[in-house]
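Please read the structure below before turning to the comments.
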Amino acid sequence: MSRVVIVGSGPAGATYARLLADVAEVIVVEAGPVLTDPPGMNVKNLADPAAQAAARDASQGPAGASGISGIPGHAVAEGTVTARHGTHLIGRSADMPAAAVATCVGGQGAHWTCATPRPTGSERIDFLDDFDADLDAAEALLHTTTAALSLIHMLGDARVTLRARTLCTRLLRDGNRVTGVVLRDLATGAEEELRADAVVVAADALRTPQLLWASGIRPAALGRRLTEHPLLFGFIAVRAGVLPLPEGGPRDPITAAVNLGFADGEHPFHAQLMFSPVCPVPLPADHPLAGNAHGYIGMGWGVRKWPRPEDRVTFDDDAPDENGLPGIRIAYRVTDREQAELDRAREFQARAAALFGEFLPGMPAVLPAGSSLHYMGTVRMGATDDGTSVCDPESRVWGVDGLVLAGNGLIPTANACNPTLTSVALAIRGARALTGRLRTGRIGYPEVSADLQN
Ligand SMILES: Cc1cc2nc3c(=O)[nH]c(=O)nc-3n(C[C@H](O)[C@H](O)[C@H](O)COP(=O)(O)OP(=O)(O)OC[C@H]3O[C@@H](n4cnc5c(N)ncnc54)[C@H](O)[C@@H]3O)c2cc1C
17 MSRVVIVGSG PAGATYARLL ADVAEVIVVE AGPVLTDPPG MNVKNLADPA
67 AQAAARDASQ GPAGASGISG IPGHAVAEGT VTARHGTHLI GRSADMPAAA
117 VATCVGGQGA HWTCATPRPT GSERIDFLDD FDADLDAAEA LLHTTTAALS
167 LIHMLGDARV TLRARTLCTR LLRDGNRVTG VVLRDLATGA EEELRADAVV
217 VAADALRTPQ LLWASGIRPA ALGRRLTEHP LLFGFIAVRA GVLPLPEGGP
267 RDPITAAVNL GFADGEHPFH AQLMFSPVCP VPLPADHPLA GNAHGYIGMG
317 WGVRKWPRPE DRVTFDDDAP DENGLPGIRI AYRVTDREQA ELDRAREFQA
367 RAAALFGEFL PGMPAVLPAG SSLHYMGTVR MGATDDGTSV CDPESRVWGV
417 DGLVLAGNGL IPTANACNPT LTSVALAIRG ARALTGRLRT GRIGYPEVSA
467 DLQN
């Protein structure tokens, strides 16, 4: 039987694990710890609030690390920016001070809100045939429902070997063929080489290109065209009488989330409205909007970012991170083009806010770059190997045998929608293609041409 190693256990890696288990021995390696039983569940499923908090703490990278990426989530970095509980800052770059990741079994998928809007119009990847069928399959796998938000776990498959607290430090290569991985047991520090017929790297949009760079796989597009969603966000205090709440009101904010979708021209944004029964930010007790009996709504308008080669993640071999991998740096700028869309988003948001109530003081505001947690484009997919993409439409790195990538980094478009559904759909497509190659034993790339050291 063939062996496939998957690096990273978030939704993208878990999709490959689930779909390849029939045709290959599947080993998932994950730098972070197991949080739940079964592994990979969304921690929102944990009934005990203390257990939820402990699981989020455990996802925040090496405890107390003072390295480049291991800044604990509660700590203040660069004066003001903190990571969302369950995530930790990465890169420490002034251009994207809020860049953050989760390091745990399930990845960010152990913490996500589970909003799975479909890409529409110009958000869609136009060179993929039949992508709707993949999106349908992704919705089924994620249990997407319009009645409630789905909470998933996809790693509880007995046929899949999960190795938590195991860091992949390098991909093994024989020329242009990837032949396995170098793994470090983070409990003991012991390193080993593991051979594989194919390796899937699903280590998020910042650490996937880091691992390729560390392995000497450096195509010209690697790390470039980084996008995220500039986010205009604010909380409003709800006016009496506009939101009929069930008796006692919803206790869990995610039971009351609404998405307003993207429409080219008219509304080129994704908006997410989430109810909170309690005031989500500290206000003086005597403030007129403190303790509002009708609750609060968080209103986020996510704007698209057009890909530009100069928005990029780079890797500093001379300043490694706490794991000894090349240090992550980010160069990124919101241009006048996105600024104009933020101005338009502000108008829509103000109209919506006026229907429901009144903004809390100082809101809304454009959040620091990186706050969306939706990083895309760094290992983008392309129709042809023209130097502007890293992967082909089957998620293989152009010209490299045995190496498949997964996750939001593959998304090439200026999309505004939450990216996970698209990434899972791309993973389904990639897993289907890889299954075919494993079955026929023809893992090799048809034309091996790329200069890996561009
Ligand atoms: C609070 C929160 C809310 C969110 N809400 C939404 C939402 O509503 N809708 C939406 O679409 N998205 C949402 N997201 C984003 C969503 O969770 C991500 O899009 C998704 O998890 C990405 O999946 P992934 O598998 O590509 O990467 P990840 O889930 O980030 O997983 C990558 C994994 O790789 C591991 N890894 C990295 N490097 C290595 C290495 N060298 N060796 C071993 N392991 C490694 C990491 O530890 C990590 O666990 C949210 C995220 C958060 C934190």
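Under the working numbering, the first residue of the sequence shown is numbered 17, with each subsequent residue one higher.
Don't be surprised by glycine CBs; every beta carbon is placed ideally from N, CA and C.
For residue i, the first and last residue of its enclosing alpha helix (DSSP H)
i	result
residue 439	436-456
residue 322	Looking at the DSSP string, residue 322 is not in any alpha helix (DSSP H), and its letter there is neither H nor E.
residue 29	27-36
residue 223	220-230
residue 341	It is not in any alpha helix (DSSP H) - residue 341 carries neither H nor E in the DSSP assignment.
residue 148	147-158
residue 124	It is not in any alpha helix (DSSP H) - residue 124 carries neither H nor E in the DSSP assignment.
residue 12	Absent from the structure is residue 12, since the part of the chain shown begins at 17 and ends at 470.
residue 68	65-74
Within 9 Å, strictly: CB atoms of residue i and residue j
i	j	result
residue 150	residue 444	yes
residue 107	residue 118	no
residue 113	residue 384	yes
residue 284	residue 178	no
residue 181	residue 377	no
residue 196	residue 210	yes
residue 249	residue 316	yes
residue 123	residue 52	no
residue 157	residue 34	yes
residue 238	residue 394	yes
residue 358	residue 329	no
residue 29	residue 422	yes
residue 194	residue 419	yes
residue 339	residue 71	no
residue 427	residue 448	no
Own chain, CB closer than 8 Å to residue i, minus 5 neighbours either side, in chain order
i	result
residue 20	32, 36, 40, 41, 42, 43, 212, 213, 214, 215, 216, 450 and 454
residue 16	Since the displayed the chain opens at 17 and closes at 470, residue 16 lies outside it and no answer follows.
residue 354	246, 319, 320, 321 and 322
residue 391	115, 220, 221, 222, 242, 243, 244, 424 and 425
residue 374	252, 253, 255 and 305
residue 137	278, 279 and 280
Nonlocal neighbours in the same chain, by C-beta distance under 7 Å from residue i, ignoring five residues either side
i	result
residue 219	23, 24 and 227
residue 332	342, 343 and 345
residue 67	none
residue 369	252, 315 and 375
residue 139	278, 429, 431, 432 and 433
residue 73	none
First and last residue of the uninterrupted beta strand (DSSP E) at residue i
i	result
residue 305	It is not in any beta strand (DSSP E) - residue 305 carries neither H nor E in the DSSP assignment.
residue 139	Per DSSP, residue 139 belongs to no beta strand (DSSP E) and is neither H nor E.
residue 207	207-211
residue 41	40-45
residue 424	Per DSSP, residue 424 belongs to no beta strand (DSSP E) and is neither H nor E.
residue 286	285-292
residue 405	It is not in any beta strand (DSSP E) - residue 405 carries neither H nor E in the DSSP assignment.
residue 250	247-254
residue 196	193-201
residue 108	Element bounds for residue 108: n/a, residue is neither H nor E.
residue 22	18-23
Same chain only: Cβ atoms within 6 Å of residue i, ignoring 5 sequence neighbours per side
i	result
residue 208	199
residue 27	125, 436 and 440
residue 163	In this prediction, residue 163 scores a pLDDT of 48, lower than 50, which makes its location untrustworthy; no coordinate-derived value is stated.
residue 202	181 and 183
residue 185	198 and 200
residue 109	345 and 346
residue 401	414
residue 240	325 and 328
Residue from the options whose Cα sits closest to the Cα of residue i
i	options	result
residue 160	441, 138, 324 and 416	441
residue 325	409, 295 and 403	403
residue 388	157, 174 and 128	128
residue 11	456, 308, 448 and 430	Missing from the structure shown is residue 11; the chain here goes from 17 to 470 and no further.
residue 296	302, 308 and 288	308
residue 15	97, 235 and 58	The structure shown has nothing for residue 15, since the chain only spans 17 to 470.
residue 335	312, 406, 62 and 230	230
residue 225	109, 407 and 74	407
residue 190	452, 62, 18 and 417	417
residue 111	257, 260, 293 and 348	348
residue 141	303, 398, 194 and 361	398
residue 260	30, 69 and 311	311
residue 130	154, 457, 258 and 361	154
residue 147	365, 410, 457 and 420	410
residue 69	363, 176, 100 and 174	100
residue 282	363, 38 and 258	363
residue 174	258, 38 and 257	38
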